[in-house]
Each structure stands twice: as C-alpha cells, then as structure tokens.
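In the working numbering, the protein residues as written are 1 to 222. Encoded as structure tokens, the structure appears first; notes follow it.
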C-alpha cells in the first residue's frame, strides 16, 4: 500500500500531467489515474483529482474501445482493464513512461493554494525552461519512482532512471533474474532505436539480469 505522502505525490503527478495536455491525451491520463488510484470509479476520481466526472467516464470508454480495437462499439457497461499477472517470482514487472513537458515558473495553472492568501502568479509570458516528469512503477509493490528532467525526455534520461531505480531497489528483490518492462512506442524507447537497445544490453550485462520488453499496441495508452 502506498504511503500517504507517496500517494499524494502520485495524485499530484496525474493532475499536473492531465493539466498539461488537452483532448484525448488528457482523457487518457484521467482514465489511467481513475483506474490506478480510484478503483475505476469516476465519482471517486472526481473527488480525488478534482476532474470533471463526465470527462473521466469518456476517457474510460475510449481506453476500453482502444484496448478492444472496436472504437465504434463502446460497451455500455465498462469492465475495469486488468494487467496480465506475472506469477513467476523470478520476474519483476515494471512500467516506464514520461508525460508532457511543464513550464517552470510562477504560472497560473488553475490549482489550489493552502495559504490564507492567494499566491501571485503569472497568466502570460509563459516562456522559459520546462520540466518533464519521467516515471517508473513496480507493478507488484506499487512503488513509484519519478525523475524530473530538465527539458524533453530522451533515451538517456529513460535509461538513467532505470539504472537509478535498480541500483536502489535490487537488494529488495534478491530472487529476481528477469525485469519485464511495459513501454509505449514513443520514439525514445521504441524497439528499433539502437541507442535504447544498446543501453539495455549494457544494463543487462552490468547487472547480470535478463530484460524483456512489453510494448502496448499503437493507439493504446496506459
């Protein structure tokens, strides 16, 4: 079970990621947050993330349709998507992903403040540097690791997060001989990218551990 602090960080991560994009991309993030932290309940997601309930429901429908490959036939009764369970204790399954860039600065993003007085924020001149959240989730333990990368996410930043995570966590998984990684097909981690594959081979050799890559179908977001 996630600690209160970590759970709050996860919720804020999803809220920030959803706020940074629009349309189908936002609804996809809302659907994932609803499934992961609100038990698939749009009502709970509305309270937890302060999202529009109808938008969450629509995102859930779109995710279900994309997963089944039948976008034109959205079922009335939604079934909560489930991950394929890995029962072999020697295999550790993780998921890695990055979200949209966020501008850094005192910008107004429609958030709330806990202070008695409102904070002064900018609502224009949204220039300057940006930060990209890069996340790694252990599916069996729900342990979440997030790096905040200056600028866009690259192959190197993804590999760096993998290295930092395993260096800090391998003592907690002494029986693991294989790491199974869930990925999308974004350019920096696609299966044909030589730099990414070379980095994984070096990681595997360095830690004497096997790597299996699991790619989600095109058009399907986690």
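From the three backbone atoms N, C-alpha and C, an ideal C-beta is built for every residue, glycine too.
- Taken in chain order, the complete beta strand (DSSP E) segments of 3 or more residues contained in the segment 126 to 151 are 130 to 138, 144 to 150.
- Shown here for residue 159: same chain residues with a beta carbon closer than 6 Å to its own, the five before and five after excluded, namely 199 in chain order.
- Taking every protein chain shown into account, the CB of residue 149 has 16 or more other CB atoms within 10 angstroms, so this residue is buried.
- In the same chain as residue 140, and ignoring 5 residues on each side of it, no C-beta atom comes closer than 6 Å to its own.
- In the three-state DSSP reduction, residue 176 falls in the coil class, being neither helix nor strand.
- Just so you know, the alpha carbons of residue 88 and residue 174 end up roughly 14 Å apart.
- Looking at the backbone, the Cα of residue 177 and that of residue 52 are separated by about 43 Å.
- Closest in C-alpha terms to residue 216, from the list 143, 59, 191, 206, comes 191.
- Per DSSP, the unbroken alpha helix (DSSP H) holding residue 205 starts and ends at 194 to 207.
- 162 is the residue among 172, 55, 162 whose C-alpha sits nearest the C-alpha of residue 196.
- Around the beta carbon of residue 164, a 10 Å sphere encloses fewer than 16 other beta carbons of the protein chains shown; the residue is thus reported as exposed.
- When secondary structure is reduced to three states using DSSP, residue 190 falls in the coil class, being assigned neither helix nor strand.
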